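Student: My questions will all concern the structure given below.
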Amino acid sequence: MKEGNGLKAGSNLERVFQAGHFAVTAELGPPKSAEVEVVHTKAGYLKGVVDAVNITDNQTAIVRMSSLAAGLLAMREGLEPVIQITCRDRNRIAIQSDVLGAYALGVRNILCLSGDHQKFGNHPSCKNVYDLDSVQLIGMLKEMRDDKRFLCGEEIRNGKNAPLAEPRIFIGGAANPFGDPFPVRVIRLAKKVRAGADFIQTQCIYDMERFEEWMRQVRERGLHEQVKIMAGLTPLKSVGMAQYMRDNVAGLRIPDQVLERLSKAQDKAAEGIKICVEQIQRLREIEGVAGVHIMAIEWEKRVAEIVEKAGLLPRPKV
Amino acid sequence: MITAVQKPFEEIYRMVEASGKLLILGCGTCVTVCMAGGEKEVGILASTLRLACRERGSSLEIEEATIERQCDREFFDPVKAQVLGADAVLSMACGVGVQFCSELFEGKRVLPALNTRFYGTTVQQGLWSERCAGCGTCVLDRFGGVCPVARCAKSLLNGPCGGAQDGKCEVDKEIDCGWQLIYDRMSALGLLDSLMEIQPVKDWSTGRDGGPGRIRRQDVEL
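Sequences listed follow chains A and B, in order. 375 is the number of the first residue of the first sequence in my numbering; add one for each residue after it. 1024 is the number of the first residue of the second sequence in my numbering; add one for each residue after it.
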């Protein structure tokens, strides 16, 4: 089952990176219902605009359509999904089972996350799992892909004489350059790389100085040469949203200048988009940034405009 | 120690109001230290219950006693007659004590007055905080003596999640980020390099996930 082209999974995202392009992905939040149309509409906004679309896994611990199901719906609409898997809700048995299933259904990218604590969601009294952490989850996916073994050591085959049939996944991880303690942030990234991450998505960036400082540390360790780092961006729709995110989203920093600029603007949304586009331009200049990941929260329809204004259209066919 | 807090009074009242003759039984160890179920708390709860019974016209008869420990057989001897003479026991011990008392006195209803919380320590008067999750495979040697299983909200073994800020946990700004504590401690010990090691998947079977815990030591068996 191994691809004969040096690719680990052969996903579009992996090929875009391999061809040396500056990658663009976006986030698609599944609906808080079984409404298929929501996924179709959002997928429609993103088709042809991004290299892959990242499907969140019950983000902020609010129950939504599963990442895998919404990812499949997006795939049918012609988008390549990056399925998110968090450690919050499933143990090693469930995750490995889901990875087999996801691969069987055509999924080739998985983003491994710890997951937001259930305290923030709509079922705060639930029991969490955290059998694994995100570093261990990355390692498990790599072991499944490269060693063709489950975490327990058993080979991934259906019987003694059956062929090995491992899930070949392009493995992603997350990094937050804005969390504390700051010196640990790059150590944690290094561990994710060593565990087997092929690409990294960062928390949304507003504090460019701190991000650049983090990237300097990343380069110092040569990590940018071992993993594709995608800078995370969330365009701000309004001053209210910016304030809410600053005050309520854990591990996120929004400098006062950004808020000031937004509050002085007549058309806040347009200014938010403009800031985002300028950020992409600045990010492209930073050595080691291999792409951007746009998390336009319930604003997927504006992603095309951002990508276009940033001069990143059309997306490469690889 | 095992920490606990008293249940809401109304919950306790509803639990015991029809008990006839009630023995409130305190425990002199952990829950005395965390000021939840010792002799003093037995006295206060008994008075409050008597007052409530008078106001509400209940004929509940209340006796009080406190023993050294409710998790060991021998300490029950002095109160045996009182327990047998009561219709129900309202135990102010942790969950272990409540159950052990129940096991010792077959046919006797033993009710919990406390909500048992965690293995922890007194940080300051009136403030207790968790230290151990009883996972059965201690990892403290690898983390500078700060437990990521008990003190990280997600029990992460390979570093802090993205939500930690200014040394506080994303779950509650009053709680220290366990990983900030680990980082500070490892830093002070000159052991930061070891934070680079990837911590393997943990075997949870030695804790709750392995089923009800049981220790058997033949070397000390009689």
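Where a beta carbon is used, it is the ideal one built from N, C-alpha and C, also for glycine. Owing to the predicted nature of the structure, the values given are computational and were not obtained by experimental measurement.
Taking 7 Å as the CB-CB limit, is A/Asn550 close to chain B?
Tutor: Yes, A/Asn550 lies at the interface with chain B (some Cβ there is under 7 Å from its Cβ).
Student: Count the other C-beta atoms from every protein chain shown that fall within 10 angstroms of the C-beta of A/Tyr618, then say buried if there are 16 or more, exposed otherwise.
Tutor: Counting Cβ neighbours within 10 Å, A/Tyr618 comes out exposed, since fewer than 16 surround it.
Student: Where does the unbroken beta strand (DSSP E) through A/Met604 begin, and where does it stop?
Tutor: Counting along the chain, the beta strand (DSSP E) containing A/Met604 begins and ends at Lys602 to Leu607.
Student: In the segment 1188-1203 of chain B, which residues sit with their C-beta less than 9 Å from some C-beta in chain A, listed in chain order?
Tutor: Within the segment 1188-1203 of chain B, the residues whose Cβ lies closer than 9 Å to some Cβ of chain A are Gln1188, Asp1189, Gly1190, Lys1191, Cys1192, Glu1193, Val1194, Asp1195, Cys1200, Trp1202 and Gln1203, listed in chain order.
Student: Would you mind telling me which residues of chain B sit closer than 9 Å to A/His491, beta carbon to beta carbon, in chain order?
Tutor: By Cβ distance, chain B contributes Ala1176, Lys1177, Cys1184, Gly1186, Cys1192, Glu1193 and Val1194.
Student: Under 8 Å, CB to CB, which of the residues in the segment 450-475 of chain A have a partner in chain B?
Tutor: Listed in sequence order: Cys461, Arg462 and Arg466.
Student: Name the chain B residues that come within less than 9 Å of A/Ser385, Cβ to Cβ?
Tutor: Neighbours of A/Ser385 on chain B: none; closest Cβ ~24 Å, over 9 Å.
Student: Taking a Cβ distance cut-off of 9 Å, strictly less, list which residues of the segment 1213-1234 of chain B are near chain A, in chain order.
Tutor: Listed in sequence order: Leu1215, Leu1218, Met1219, Glu1220, Ile1221, Gln1222, Pro1223, Val1224, Lys1225, Trp1227 and Asp1232.
Student: Establish whether the CB of A/Ser488 and some CB of chain B are separated by less than 7 Å.
Tutor: Chain B contact via Cβ: present.
Student: CB-CB under 7 Å to B/Ala1109, same chain, minus the five flanking residues each way: which ones, in chain order?
Tutor: Excluding positions up to five away in sequence, the list reads Lys1044, Leu1045, Leu1046 and Glu1086.
Student: In terms of alpha-carbon separation, which member of A/Lys382, A/Lys406, A/Leu636 and A/Ile649 lies closest to A/Asn496?
Tutor: When each option's Cα is compared against that of A/Asn496, the closest is A/Lys406.
Student: Does any residue of chain A bring its CB to less than 7 Å from the CB of B/Tyr1206?
Tutor: Closer than 7 Å: yes.
Student: Alpha carbon to alpha carbon, what distance is there between B/Thr1144 and B/Thr1026?
Tutor: Approximately 8 Å, taken between the alpha carbons.
Student: Out of curiosity, what's the CA-to-CA distance linking B/Ile1090 and B/Glu1193?
Tutor: Each residue's Cα considered, the two are about 41 Å apart.
Student: Should A/Asp507 be flagged as near chain B, meaning a C-beta pair shorter than 7 Å?
Tutor: Yes, A/Asp507 lies at the interface with chain B (some Cβ there is under 7 Å from its Cβ).
Student: Excluding five sequence neighbours on each side, which residues of the same chain lie with their C-beta closer than 6 Å to the C-beta of A/Glu352?
Tutor: Residue 352 of chain A is absent from the structure shown; chain A starts at 375 and stops at 692.
Student: Whose CA, out of A/Asn432, A/Val473 and A/Ile459, lies closest to the CA of A/Lys493?
Tutor: For the residues A/Asn432, A/Val473 and A/Ile459, the minimum Cα distance to A/Lys493 belongs to A/Asn432.
Student: Step through the CB atoms of chain A and report whether any lies within less than 7 Å of the CB of B/Asn1138.
Tutor: Judged by the 7 Å Cβ criterion, B/Asn1138 is not in contact with chain A.
Student: Based on the DSSP output, what are the partners of B/Ile1085 in its beta bridges?
Tutor: B/Leu1045, per the DSSP bridge assignment.
Student: B/Val1056: which of B/Cys1117, B/Glu1078, B/Ala1111 and B/Ser1228 sits nearest, CA to CA?
Tutor: Ranking B/Cys1117, B/Glu1078, B/Ala1111 and B/Ser1228 by Cα distance to B/Val1056 puts B/Cys1117 first.
Student: Measure from the alpha carbon of A/Glu451 to the alpha carbon of each residue in A/Arg466, A/Gly418, A/Cys461 and A/Val423, then state which is nearest.
Tutor: With distances taken between Cα atoms, A/Glu451 lies closest to A/Gly418.
Student: Give me the chain A residues within the contact set of B/Leu1180, using Cβ-Cβ distance strictly less than 7 Å, ordered along the chain.
Tutor: Within chain A, the residues near B/Leu1180 are Asp507.
Student: Can you confirm whether A/Arg562, when its beta carbon is compared against all beta carbons of chain B, has any partner nearer than 7 Å?
Tutor: With 7 Å as the cut-off, A/Arg562 counts as an interface residue toward chain B.
Student: Beta-carbon of A/Val503 versus every beta-carbon of chain B: anything under 7 Å?
Tutor: So, not an interface residue.
Student: Nearest-angstrom Cα distance between B/Gln1148 and B/Met1058?
Tutor: Their Cα atoms are separated by approximately 10 Å.
Student: Leaving aside the five residues before and after B/Leu1180 along the sequence, list all residues of the same chain whose C-beta is less than 6 Å from its C-beta, in chain order.
Tutor: Taken in chain order, the residues that qualify are Pro1171 and Gln1222.
Student: Counting beta carbon pairs with one atom in the segment 386-400 of chain A and one in the segment 666-673 of chain A, are three or more of them shorter than 8 Å?
Tutor: Yes, the segment 666-673 of chain A is in contact with the segment 386-400 of chain A.
Student: Which ranges would you report for the beta strand (DSSP E) in the segment 601-659 of chain A if only whole runs of at least 3 residues count?
Tutor: If we require 3 residues or more, the beta strand (DSSP E) runs fully inside the segment 601-659 of chain A come out as 602-607.
Student: With C-beta atoms as the reference, is B/Gly1230 less than 7 Å away from B/Cys1158?
Tutor: It is a contact, given that the beta carbons lie within the stated cut-off.
Student: Please report the straight-line C-alpha distance between A/Lys376 and A/Leu687, rounded to a whole angstrom.
Tutor: Any reading at A/Lys376 is ruled out, since the residue's pLDDT is 47, under 50, leaving its predicted position unreliable.
Student: Consult DSSP for A/Lys376 and reduce its assignment to one of helix, strand or coil.
Tutor: Model confidence at A/Lys376 stands at a pLDDT of 47, short of 50, so the residue's coordinates are unreliable; what they give is reported in the following sentence. Looking at A/Lys376 - three-state DSSP - the assignment turns out to be coil, as it is neither helix nor strand.
Student: Identify each residue in the segment 511-524 of chain A for which the Cβ-Cβ distance to at least one residue of chain B is less than 8 Å, and report them in chain order.
Tutor: Taking 8 Å as the Cβ-Cβ cut-off against chain B, the residues of the segment 511-524 of chain A that qualify are Gly513 and Met514.
Student: B/Phe1166 bridges to which residues according to DSSP?
Tutor: B/Phe1166 pairs with nothing; no bridge assigned.
Student: Can you find a C-beta in chain B that's less than 7 Å from the C-beta of A/Gly625?
Tutor: It does: the Cβ of A/Gly625 has a partner Cβ on chain B nearer than 7 Å.
Student: In chain B, which residues lie less than 8 Å from A/Pro629 when you measure between Cβ atoms?
Tutor: Within chain B, no residue comes near A/Pro629; the closest Cβ sits about 15 Å away, beyond 8 Å.
Student: Determine the direct distance from the alpha carbon of A/Arg568 to that of A/Gly384, and round the result to whole angstroms.
Tutor: Spanning the two alpha carbons is a distance of roughly 21 Å.
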